[in-house]
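Undergrad: 62 is the number of the first residue of the sequence shown in our numbering; add one for each residue after it.
By construction, the Cβ of each residue, glycine as well, lies at the ideal position given by its N, Cα and C atoms.
Note that the structure is a prediction, hence the values are computed from the model and not measured.
So that we are looking at the same thing, I have put the structure below in structure tokens.
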Amino acid sequence: MTGLESVLLGIVQGLTEFLPVSSSGHLIIGKELLGIENENLSFEIVVHAATVMSTLVAFRKEVWELSKGFFKFSRNAETDYIFKILISMIPVFIVGVFLKDQVEAIFGSGLIVVGFSLLGTALLLTISNYFKPRERELSYRDAFVIGIAQAVAVLPGLSRSGTTISTGLMLGIKRDQIAKFSFLMVLIPVLGEAFLELVSGDLSVANSGISVTTLSLGFVSAFLSGLLACRLMVSLVSKTKLLGFAIYCAAVGLACLFSIAF
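Here you go:
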């Protein structure tokens with residue numbers, strides 16, 4: 062992977078991480094188009110960590126308020142919210158511990174999994190557009206159900222933000238609440254995974270096959286483009302429908318399947 066390819070894929074990751082179109086799926090598509098055959102997940106982990114950092118910047122006020130509430134060491138609205146985030150992490154933690162090898166194998170499956178998963182994303186976005194339950198506040202049960210959706214969305218092509226936001230909307234969670242929760246709930250899992258990979262040495266040049274400079278370029282480009290996309294997506298979820306993204310996912314998914322068939 063060259064420096065230019067790293068920048069391009071970093072921009073793809075940053076823009077598609079928060080938009081409901083699947084960043085992992087678009088990274089695989091980007092690698093196919095650029096002819097990159099490296100199946101090591103180090104680059105994906107680095108650029109995902111970059112977009113998590115952009116989330117921290119975009120939601121710095123919310124993160125600061127949650128931190129202040131937590132260190133009061135008493136039950137309050139902030140600690141309740143943190144507990145909901147922790148509950149949402151349970152399903153993805155189980156997948157990460159017990160199914161890591163299977164997930165990594167799926168990432169090497171090419172465009173066929175991406176194509177079908179993008180169609181699944183399109184279906185979820187479409188259903189959430191027309192299914193309109195009565196709006197209510199986020200509960201602990203909702204947090205766990207949304208966590209299950211996040212765990213399922215480890216499939217490349219099944220958008221994490223699209224899946225979690227769609228699930229939240231179908232549960233009746235208020236639009237502004239589910240957008241914020243969807244982006245904040247991913248902070249600890251992704252940063253934790255990046256930390257474990259760093260400690261284990263899997264992000265080293267010898268193990269990843271990618272230079273530090275190339276990884277750094279991908280990180281910076283993913284961070285900057287992710288910051289832009291994060292702010293855009295919060296506004297879109299709060300004010301507009303997501304049907305346009307469903308049409309886009311369906312079109313790209315079908316294009317992936319047709320490229321394999323023909």
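Do three or more CB pairs link the segment 72 to 81 to the segment 216 to 226 at distances below 8 angstroms?
TA: Yes, since at least three Cβ pairs between the segment 72 to 81 and the segment 216 to 226 fall closer than 8 angstroms, the two stretches touch.
Undergrad: Answer yes if the segment 139 to 152 comes into contact with the segment 183 to 194, meaning at least three C-beta pairs across the two stretches below 8 angstroms, and no otherwise.
TA: Cβ pair count under 8 angstroms is below three, so no.
Undergrad: List the residues that DSSP assigns as beta-bridge partners of residue 209.
TA: Partner(s): none; residue 209 has no beta bridge.
Undergrad: Do residue 278 and residue 64 count as a contact pair if the criterion is CB distance below 7 angstroms?
TA: Against a cut-off of 7 angstroms, the Cβ pair of residue 278 and residue 64 comes out as a contact.
Undergrad: So, under 8 angstroms CB-CB, residue 216 and residue 178 are touching, yes? Tell me the CB distance rounded to an integer number of Å.
TA: Contact holds; Cβ gap of about 5 angstroms.
Undergrad: Checking 7 angstroms against the spacing of the C-beta atoms, do residue 86 and residue 283 come in under that value?
TA: Against a cut-off of 7 angstroms, the Cβ pair of residue 283 and residue 86 comes out as no contact.
Undergrad: Quick check on residue 308: buried or exposed, where buried means 16 or more other Cβ atoms within 10 Å of its Cβ?
TA: With fewer than 16 other Cβ atoms within 10 Å, it is exposed.
Undergrad: Is it buried or exposed, residue 199, if we count other Cβ atoms within 10 angstroms and call 16 or more buried?
TA: Buried, by the Cβ-count rule.
Undergrad: I'd like the span of the alpha helix (DSSP H) that includes residue 183, first residue to last.
TA: From DSSP, the alpha helix (DSSP H) with residue 183 extends over 172 to 191.
Undergrad: Just mark residue 208 as buried or exposed, buried being the case when its beta carbon has 16 or more other beta carbons within 10 Å.
TA: It is buried - the Cβ of residue 208 has at least 16 other Cβ atoms within 10 Å.
Undergrad: Measuring CA to CA, which of 251, 236, 312, 292 is closest to residue 104?
TA: For the residues 251, 236, 312, 292, the minimum Cα distance to residue 104 belongs to 251.
Undergrad: Using a 10 Å radius around the Cβ and a threshold of 16 neighbouring Cβ atoms, would you call residue 88 buried or exposed?
TA: Under this definition residue 88 is a buried residue.
Undergrad: With a CB to CB cut of under 7 angstroms and the five nearest residues on each side skipped, what residues in its chain are close to residue 148?
TA: These residues qualify, in order along the chain: 201, 204, 205, 208.
Undergrad: For residue 233, which residues in the same chain have their Cβ closer than 6 angstroms to its Cβ, ignoring the five residues on either side in sequence?
TA: The answer, listed in chain order, is 194, 195, 196, 197.
Undergrad: Hey, residue 112 and residue 287: beta-carbon distance below 7 angstroms or not?
TA: Closer than 7 angstroms, so yes.
Undergrad: Since residue 194 is in the alpha helix (DSSP H), which residue starts that stretch and which ends it?
TA: Premise fails: residue 194 is in no alpha helix (DSSP H) and is neither H nor E.
Undergrad: Which residues in the same chain as residue 246 place their Cβ atom closer than 6 angstroms to its Cβ, once the five residues preceding and following it in sequence are excluded?
TA: Only 146, 149 meet the Cβ criterion.
Undergrad: Taking the alpha carbon of residue 175 as the point to measure from, which residue in 92, 303, 66 has its own alpha carbon closest?
TA: Among 92, 303, 66, the Cα nearest to that of residue 175 is on 92.
Undergrad: For the alpha helix (DSSP H) that contains residue 120, what are its first and last residues?
TA: It is not in any alpha helix (DSSP H) - residue 120 carries neither H nor E in the DSSP assignment.
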